[in-house]
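From first to last, the protein sequence lines stand for chains C and R. For the first sequence, this note's numbering begins at 720 and goes up steadily by one. For the second sequence, this note's numbering begins at 3 and goes up steadily by one. Just so you know, even glycine gets a beta-carbon here, dropped at the ideal spot from N, CA and C. Model, not experiment: these values are computed from the prediction. Have a look at the structure below, then the notes.
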Amino acid sequence: MASAVAADPVRPKGALARLLQRKLALFGLVLIVAVVAGAVFAPLIAPYDPNAQHFDGLTLEGAPMPPGGAYPLGTDLLGRDLLSRILYGAQTSLIIGVVANGMALLIGTLVGITAGYFRGIVGAVLMRFTDLMMAFPALLLAICLAAIFTPSLWIVALVIALVNWVQTARVIYTETTSLAERDFIAAEKTLGAGHGRILFRHILPHLVPTIIVWGTLGISTTVLLEATLSYLGVGVQPPTPSWGNIIFENQTYFQAAPWLVFIPGACIVLLALAFNLVGDALRDVLDPTQRGRD
Amino acid sequence: MGPYLLRRLVQSALILLGVSFITFVLLYVLPADPVRQIAGRSATAATVESIRRQLGLDQPFLVQYGRYLFGLIQGDLGRSYLQKTEVAALIASRLPATLLLMAGAIVCELVLGLAMGIAAALWRGRAADQVLMTTSFVTVSAPQFVVGLLLLYVFAVWLRWFPIGGYGTFAHLVLPALTLGILGSGWYARMMRSSMIDVLRADFIRTARAKGLGRGRVVLRHALPNAILPVIAMIGIDIGIFMGGIVVVESVFGWPGIGQLAWQAIQRVDIPIIMGVTLVSACAIVIGNLLADLIAPMIDPRIRLR
């Protein structure tokens, strides 16, 4: 590795190349690619229909089948193939992860950039509101909202977005306030640039690395929140499989059939971990002030 | 200090007022009708209306909110719709269990997190450091219920060291406290590691080494006390994170705290309880943040309160 750096001392490496050099980030990326592939190709690679209840899917006593044999990861309480449900569940996790986090990121960025650039009354009101949202017990609020509205996939995504935008707003706000005071923005103003132009052509591009980092880390939070809501039974509703609701449905039987809890549980942990690892590495790679530190 | 504290207290009160307003609005516009829940499916329209009037739910929104606030100022959180008890009394009866769980969890996460962080800082850059820091990533990536169920399976079902759930003895406390502790430890481990590394780089550590003190003594007597304080000051912020997780952990372990109370109330649309628990949690978060901000300058005089 050291020789490669020495051989090409002039051209700095791109962000992606530097990201791929980190073993943990690479591991995270591989996991994410695997989950995305599993979700996208679920109809092709899933051995069974995720909602089909198989006659031979339960033992003679009516208990779920352990992993191995015709059902690679075993079956659930209703005799459905666990592997197929996990693969389709990956779709749920990723859709919620991307949609909910996308919405949260959008709200957070808009609030943060507006409050940070305009300051004044608008900024004060927006940031006080953000402070207020920080004092909300987020999970309690999400559970409450999800329990009250009959949760569909999209409602769950919306609920998660509504409680998750606050962190992004704070970070973007701080960055925008310091950017807005820099000389090049003052220069733009003197040249007669309008607010829209300054915001979208000059401030927003500087925020892109932050947005990428928080977007990646946020997916992890979102995946965890969806799993938790679904585990409590107020998230994505069965029969649509989600890793959280697979655990919710089979929890009563977990002493006899632990794989029904721990296989989807491991999936949740691995996916959240993957996004955390990649997000953390991205923070180091994209933020020049962090370079060279450990 | 005086004016600062006063301003922060006023701010905190305003935040709590805002939380109460937003929660009230959310619960007011919700599609589920609490009166239907109380009256039952077979109730006549007349019964439903009379219950609605009794509870004051036929009043306009602002009147309802005004009444609630008026009660709140006098420490009255209203009465539960279904349990016919004062919400304040219900919360008071459940709060000790939650506080006990929280205390246990804080002990667990400090012990685990600080130990991990110190070890990682001392072995910085080596394999042990990487293993510890990766572990800390896993703990922040795991949902509470998965860790809870895993501990339950290993230590209660399999090894039978601890009871499966419930409340009462020390043995009951161990697994739920450990669940929350493990989840919080990764966060502390990272902070402790960077704090320790910063201190170990400081001049006074080099002086201590140069005057001939052993490495163990320097680490324990000189570096550790300085590195540990800023990390411990973060406990206040941690309280907020706990208040969120408590619903899940209490439901996994059947722990009779305010999380369970809230969860049951949410399922039955028992609005006064939901309001009460939300406010108590928000209070805890606000107090926690305030404490963290007040303690920081005591530990590090360079931080000025503004």
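Return the first residue and the last residue of the alpha helix (DSSP H) that methionine 236/R is part of. Looking at the DSSP string, methionine 236/R is not in any alpha helix (DSSP H), and its letter there is neither H nor E.
Within this structure, are the beta carbons of alanine 991/C and glycine 747/C separated by less than 7 angstroms? no
For serine 283/R, return the contacting residues in chain C, with the cut-off set at a CB-CB distance below 7 angstroms. Simply Pro856, Leu859.
Would DSSP call aspartate 902/C helix, strand or coil? helix
Are any of the Cβ atoms in chain R nearer than 7 angstroms to that of threonine 833/C? no
Buried or exposed: which applies to tyrosine 790/C, given that a residue is buried once 16 or more other Cβ atoms fall within 10 Å of its Cβ? buried
Along chain R, which residues have their Cβ under 8 angstroms away from the Cβ of leucine 851/C? Ile17, Gly20, Val21, Ile24
Does any CB atom of chain C fall closer than 7 angstroms to the CB of tyrosine 155/R? yes
Measuring CA to CA, which of Leu114/R, Val148/R, His174/R is closest to alanine 99/R? His174/R
In the structure shown, what three-state DSSP assignment does serine 134/R receive? First, the residue type needs correcting, since residue 134/R is leucine and not serine in the sequence shown. Helix.
Going along the chain, which residues of its own chain have a beta-carbon closer than 6 angstroms to the beta-carbon of alanine 876/C, five neighbours each way excluded? Spatial neighbours of alanine 876/C in its own chain (CB-CB distance under 6 angstroms, excluding positions within 5 residues in sequence) are listed in chain order as Ile815, Val818, Ala819.
Which residues, in chain order, does the segment 234 to 258 of chain R contribute to contact with chain C at a C-beta distance below 8 angstroms? Gly242, Met245, Gly246, Gly247, Val249, Val250, Ser253
Tyrosine 190/R - DSSP class collapsed to helix/strand/coil: helix
Write down the C-beta distance between phenylalanine 147/R and leucine 177/R rounded to the nearest angstrom, noting that I regard them as a contact closer than 8 angstroms. Not confirmed; about 13 angstroms, so no contact.
For isoleucine 268/R and chain C, any beta-carbon pair shorter than 7 angstroms? Chain C, which has a Cβ nearer than 7 angstroms to the Cβ of isoleucine 268/R, makes this yes.
Straight-line CA distance for valine 754/C to leucine 792/C? One alpha carbon belongs to valine 754/C, the other to leucine 792/C, and they sit about 16 angstroms apart.
If you follow the alpha helix (DSSP H) that proline 664/C is in, where does it begin and where does it stop? Here chain C covers residues 720 to 1013 and nothing more, so residue 664/C does not appear.
Got a sec: is the Cβ-Cβ distance from phenylalanine 147/R to anything in chain C below 7 angstroms? yes
Can you pull the chain R neighbours of serine 939/C, defined as C-beta to C-beta under 7 angstroms? Ser143
Tell me the rounded alpha-carbon separation between proline 303/R and proline 232/R. 12 angstroms
Candidates Ile289/R, Ala298/R, Leu293/R: which alpha carbon is nearest alanine 15/R's? Ile289/R
Please list, in chain order, all residues of the same chain as arginine 1002/C whose beta carbon is under 6 angstroms from its beta carbon, the five residues on each side excluded. Val932
Under a CB-based cut-off of 7 angstroms, is cysteine 863/C close to chain R? yes
Please report whether the beta-carbon of isoleucine 987/C lies at a distance below 7 angstroms from any beta-carbon of chain R. Chain R contact via Cβ: present.
Using beta carbons (cut-off 7 angstroms, strictly below), is tyrosine 950/C in contact with chain R? With 7 angstroms as the cut-off, tyrosine 950/C counts as an interface residue toward chain R.
CA-to-CA distance, isoleucine 248/R to glutamate 51/R, given in whole angstroms: 36 angstroms
Please state whether the Cβ-Cβ distance between alanine 229/R and serine 197/R is less than 7 angstroms. yes
Assuming leucine 806/C and alanine 843/C are in contact, meaning their beta carbons sit under 8 angstroms apart, how far apart are those beta carbons, in whole angstroms? Actually they do not touch by this definition, with Cβ atoms about 49 angstroms apart.
Any beta carbon from chain R within less than 7 angstroms of valine 980/C's own beta carbon? yes
Can a CB atom of chain C be found closer than 7 angstroms to the CB of arginine 287/R? Reading the sequence as shown, one finds isoleucine at residue 287/R and not arginine. Nearest CB-CB separation between isoleucine 287/R and chain C: below the 7 angstroms threshold.
Can you tell me whether leucine 327/R is buried or exposed, with buried defined as 16 or more other CB within 10 angstroms of its CB? Given a span of 3 to 308 for chain R in the structure shown, any question on residue 327/R remains unanswerable.
Closer than 7 angstroms, Cβ to any Cβ of chain D: which residues of the segment 881 to 908 of chain C, in chain order? Among the protein chains in the structure shown, which are C and R, there is no chain D.
Tell me the DSSP bridge mates of threonine 887/C? DSSP lists no partner for threonine 887/C.
Going along chain C in order, which residues have a C-beta closer than 7 angstroms to the C-beta of alanine 397/R? What is shown of chain R runs 3 to 308, which leaves residue 397/R out entirely.
Hey, alanine 284/R and isoleucine 241/R are a contact pair by Cβ (cut 8 angstroms); roughly how many whole angstroms apart? Going by Cβ atoms, the distance from alanine 284/R to isoleucine 241/R rounds to 11 angstroms, so no, they are not a contact pair.
Delimiting residues of the alpha helix (DSSP H) encompassing leucine 738/C: 734 to 739
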